[in-house]
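Quick notes on the structure that follows.
Residue numbers (the numbering used here), protein chains in the order written: chain A, -3 to 323; chain B, -3 to 323; chain C, -3 to 323.
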């Protein structure tokens, strides 16, 4: 059963057909509510065809090629894009890790992408430097998708996160969404917050003092008019939250192990915590997850983080088809 | 020309059609003679189609995806599964080595496979920990194939080994099979021995004292009624063996270099040795092979170890099609 | 618009259809002018189909498999072969870097290629040892393509270089071609020089004293009758050259940093240099390029090195189809 994203969100998507054709996806700010809803509609359409007759999808990007250019390791993101490309019938050239890149011989990023451009139709780039995706996209004649540029952006993650909220709750407007963990440096929480500001939501930011949401994001929230509140203890919003978006509290951010030990219990979700949340509240996480969620929670029906992974595949199928002019 | 495995083995395969559909392959004990013969029949059928019109095979797993999840390097096994999947029309996501796994960030095996499950239809897992395959398979909703779990099992290797014996000798019953080398720690010799116990064979175990077949395997052999004998000198069975299954004697198992040097000549096969074997005896090896077989033996017609590699591709084609419900 | 290579070169290509079928490509000496022209004709035909309806190309190597066996990292060459194979509908098994090769366990090159031979239809080999490709090809029953063997050969690079000259200048005969940089150890300049000796060209070799073209190549040039001259300053041939073939002057070849600093300016191309060349002269480079060409030159219309990369894809498509008997 298809979820009608644009209808659920009450957003029109006029003239959105092929609006991303030939474009790069560098920042989440490229996605207004209409563009976002269109993306979700395409993802849902592919999901339905996939369930019904996945062979039909293999026609969509048949004879197209994607380069998965990962200068940092990321099994999850590279697998997700590869699987999405394969599902649509395309081929993938995987370049994982500097060890077998010609960067070893001193070549720079721009020459590497200009070279790959001669082979493929689109590039997914993961690179540790903030701004690298924008810089590379500016030189290319083919679409580039930012697969994470250091502490910069990871726009496809933000889209799959919002899509997961919509699929899990069948709405976005009216929800109370709580972001937890290292809000200072987490690019996923920054991009997701930015994306959420276009909707009628309430935001909670739960973080230790040393990892609070940075001022420039808080300023954007204020400017948007979206109500928000900051907390240091997750339990304060346990019963009022519709979507918990968990990330790791990183030990290395604290001055001492004692400091860390003092707060870490405030940012850990276990079965006892799950027993006290709203019956339809959902738990998300961008993964990888260490011990901030107890492993027994994995099988809790309200734990949505593996469904979130699966949603990523359909979002990336949609985005690949869109930048390649097929949707 | 197709070899009718089930007929040659005089084994019925009733109700075996799709018997592995949706199941994981973790241990060789899942394969009784009937299941084994069915697997060989499927492998032979694919071999015949491959020779005749390989394009037809590309329909079988079209639009299916496999993750080759290798936490330890293994060119041979990962290539074999990839080639098998491609031959049947499927796509492969290759994750080779920890360097670009999110395990680097501290993620555990279970989360890694639960993540990949959202992308693909089956997973091949190679991992250094005994029991890792069973543990992962127990959590998955898709089939997992054990591609070797440390000193544990490597069931697809045992199947391809038995299949090679059958193809080379056109029978299994009545054969004298000699396993040579490090029988203590070799998972391939353990799995193959276990598989052979269902047939009317005679087994020779040839190993230095420090590397003898472990008691728990010997107990299984005794219980099966299969006749066996242990040796320390390969030459004692040179003239009576139908199939030599060679593995490496590992230097590091010996107390001193002198100890090792004393015995190593007893476990090396060269052209002189080959001249003294039965005219239709065959030499197998799971590879990689260092100096336990002289390189000039590679081209001896009775050296079957590269044909053995090729047989692995067809066995894995059969197994992939079976777990994915297509055979 | 198709470039008729054989017509432009005024070379007949009788009985060239499938002349490379089943053969390995180890050395550039296998390509006489007729074989070279035939290769270019196939590359051009594929280029035209690619532009017109690339889906048709996917039939050509459908159900064929290639192993990309790279013992040294090379993003460019491995991507190029992979992209070529995908464009023709084939599958690729990528083995990049020793870390996940069974060589780690001590296996030698010959056993590695004999193993891969059981899985695939052709092998591309990159290996640091001179002669490794010839050695491996001599043992294989399937075609092997030399993707660079240390300071030995890199025949597909020489072919794509010559093809680029032809595409850029619409002729080869009559051109003045200047090779620049480390001419002593550069396998690409050696192979390209050898290939050029069959044509009516004039060659300039521009190198520091320590990196001059080796005597055995100079002897071949002399024997061919092709006029040549050696220089140490690139500016001497700035106004008379039709094709500049730039390579790096390697700092580590010099006795001291002062020695290096004295000459390096003589081997660097910037916009000022480009302003003084013939209006239709072209600049090529096998890449990767460090600082021997100023980055602002990348967008100069006469800078042909990224088009050169793209030409490599079509040359490799042609060669793969040829060795696999499809062209």
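Built from N, CA and C at the ideal position, the CB exists for glycine as well.
From a predicted model like this one, the values you see are computed outputs, not experimental measurements.
Measuring alpha carbon to alpha carbon, tell me which of B:225, B:140, B:144 ends up nearest residue 198 of chain B.
Comparing Cα positions, the closest option is B:225.
Note down the Cα distance separating residue 295 of chain B from residue 207 of chain B, rounded to an integer number of angstroms.
Using only the alpha carbons, I get a separation of about 29 Å.
Using beta-carbon positions only, say whether residue 124 of chain A and residue 67 of chain A come within less than 8 Å of one another.
Going by C-beta atoms, residue 124 of chain A is nearer than 8 Å to residue 67 of chain A.
Suppose you measure from the CA of residue 61 of chain B to the CA of residue 230 of chain C; what does that come to, to the nearest Å?
Rounded to whole angstroms, residue 61 of chain B to residue 230 of chain C spans 54 Å at the Cα level.
From the DSSP secondary-structure annotation, give me the bridge partner or partners of residue 226 of chain C.
According to DSSP, which records beta bridges pairwise, residue 226 of chain C is partnered with C:201.
Taking 8 Å as the threshold (C-beta atoms), are residue 126 of chain C and residue 147 of chain C in contact?
Taking 8 Å as the Cβ cut-off, residue 147 of chain C and residue 126 of chain C qualify as a contacting pair.
Considering only residues of the same chain and omitting the five flanking positions on each side of residue 304 of chain B, which have a CB-CB separation below 6 Å?
Closer than 6 Å at the Cβ level, and outside the excluded window around residue 304 of chain B, lie 160, 280.
Just the C-alpha distance for residue 167 of chain A and residue 81 of chain B, rounded to the nearest angstrom, thanks.
So the alpha carbons of these two residues sit roughly 40 Å apart.
Taking the alpha-carbon positions, what's the residue 273 of chain C to residue 170 of chain C distance?
Those two C-alpha atoms are separated by around 17 Å.
Quick check: what's the CA-CA separation for residue 0 of chain A versus residue 37 of chain A?
Whole-angstrom Cα-Cα distance: 6 Å.
Among B:143, B:278, B:156, whose alpha-carbon lies nearest the alpha-carbon of residue 32 of chain B?
The residue with the shortest Cα to Cα distance from residue 32 of chain B is B:156.
Using a beta-carbon distance below 8 Å, is residue 164 of chain A in contact with chain C?
No, residue 164 of chain A does not count as interfacial toward chain C.
Could you check if residue 96 of chain C is buried or exposed, using at least 16 other CB atoms within 10 Å of its CB as the buried criterion?
In this prediction, residue 96 of chain C scores a pLDDT of 41, lower than 50, which makes its location untrustworthy; the coordinate-derived value is nonetheless stated afterwards. Residue 96 of chain C is buried by the Cβ-count criterion.
Between the alpha carbons of residue 257 of chain A and residue 149 of chain A, how many angstroms are there, rounded?
Roughly 30 Å between the two C-alpha positions.
Any C-beta of chain C sitting closer than 8 Å to the C-beta of residue 77 of chain A?
Chain C, which has no Cβ nearer than 8 Å to the Cβ of residue 77 of chain A, makes this no.
So if I threshold CB-CB distances at 8 Å, which residues from the segment 54 to 67 of chain B count as touching chain A?
The segment 54 to 67 of chain B vs chain A, Cβ under 8 Å: 58, 59, 61, 63.
Quick one: list the residues of chain B neighbouring residue 116 of chain C, beta-carbon separation under 7 Å, in chain order.
Those within 7 Å of residue 116 of chain C in chain B are 79.
Suppose you measure from the CA of residue 172 of chain B to the CA of residue 72 of chain C; what does that come to, to the nearest Å?
Rounded to the nearest angstrom, the two C-alpha atoms are 52 Å apart.
Could you check the C-alpha separation between residue 282 of chain B and residue 52 of chain A for me, to the nearest Å?
When rounded, the distance between both Cα atoms is 41 Å.
Does the beta-carbon of residue 244 of chain B have 16 or more other beta-carbons within 10 angstroms, so that it is buried, or is it exposed?
By the neighbour-count rule (16 or more Cβ atoms within 10 Å), residue 244 of chain B is buried.
Would you please state the rounded distance, in angstroms, between the beta carbons of residue 178 of chain A and residue 246 of chain A? I believe it to be under 8 Å.
Their Cβ separation, rounded to whole angstroms, is 5 Å, which keeps residue 178 of chain A and residue 246 of chain A in contact under 8 Å.
Does DSSP classify residue 63 of chain B as helix, strand or coil?
Reduced to three states, the DSSP call for residue 63 of chain B is strand.
Applying a beta-carbon distance threshold of less than 7 Å, which residues of chain B neighbour residue 84 of chain C?
Within chain B, no residue comes near residue 84 of chain C; the closest Cβ sits about 14 Å away, beyond 7 Å.
So residue 231 of chain A contacts chain C; which residues on that side make the cut at Cβ distance below 8 Å?
Under the 8 Å cutoff, chain C gives no residues; its nearest Cβ is about 46 Å from residue 231 of chain A.
Check each candidate in B:321, B:138, B:202, B:144 and name the one with the smallest Cα separation from residue 232 of chain B.
Here the closest residue by C-alpha is B:202.
Using a beta-carbon distance cut-off of less than 7 Å, what residues from the segment 296 to 319 of chain B approach chain C?
Cβ contacts with chain C come from 302, 305, 306, 309.
Closer than 7 Å, Cβ to Cβ, to anything on chain B: give me those residues from the segment 258 to 288 of chain A, in chain order.
Within the segment 258 to 288 of chain A, the qualifying residues are 283, 284, 285, 286.
Determine the DSSP secondary structure at residue 145 of chain C, reduced to helix, strand or coil.
Strand at residue 145 of chain C.
My assumption, with CB atoms under 8 Å, is that residue 293 of chain C sits in contact with residue 267 of chain C. Please give the rounded CB distance.
The pair is a contact, with the Cβ atoms about 6 Å apart (cut-off 8 Å).
Which class does residue 236 of chain B belong to by DSSP, given the choice of helix, strand or coil?
Correct three-state label for residue 236 of chain B: coil.
Along chain A, in chain order, which residues have C-beta atoms closer than 9 Å to that of residue 51 of chain C?
Residues of chain A passing the Cβ test: 58, 59.
Expressed to the nearest angstrom, what Euclidean distance is found between the alpha-carbon atoms of residue 254 of chain A and residue 286 of chain A?
Those two C-alpha atoms are separated by around 19 Å.
Evaluate contact between the segment 12 to 28 of chain B and the segment 137 to 144 of chain B, counting only Cβ atoms and requiring at least three cross-stretch pairs below 8 Å.
At 8 Å Cβ cutoff, the stretches touch.
Which ranges would you report for the alpha helix (DSSP H) in the segment 7 to 61 of chain A if only whole runs of at least 4 residues count?
Those alpha helix (DSSP H) runs which fall completely within the segment 7 to 61 of chain A and span 4+ residues are 29 to 53.
Excluding the five sequence neighbours on either side, which residues of its own chain have a C-beta within less than 6 Å of the C-beta of residue 28 of chain B, listed in chain order?
Within the same chain, residue 28 of chain B has no close Cβ partners at all.
Determine whether the Cβ of residue 43 of chain C lies closer than 8 Å to any Cβ atom of chain A.
No, because no Cβ of chain A sits closer than 8 Å to the Cβ of residue 43 of chain C.
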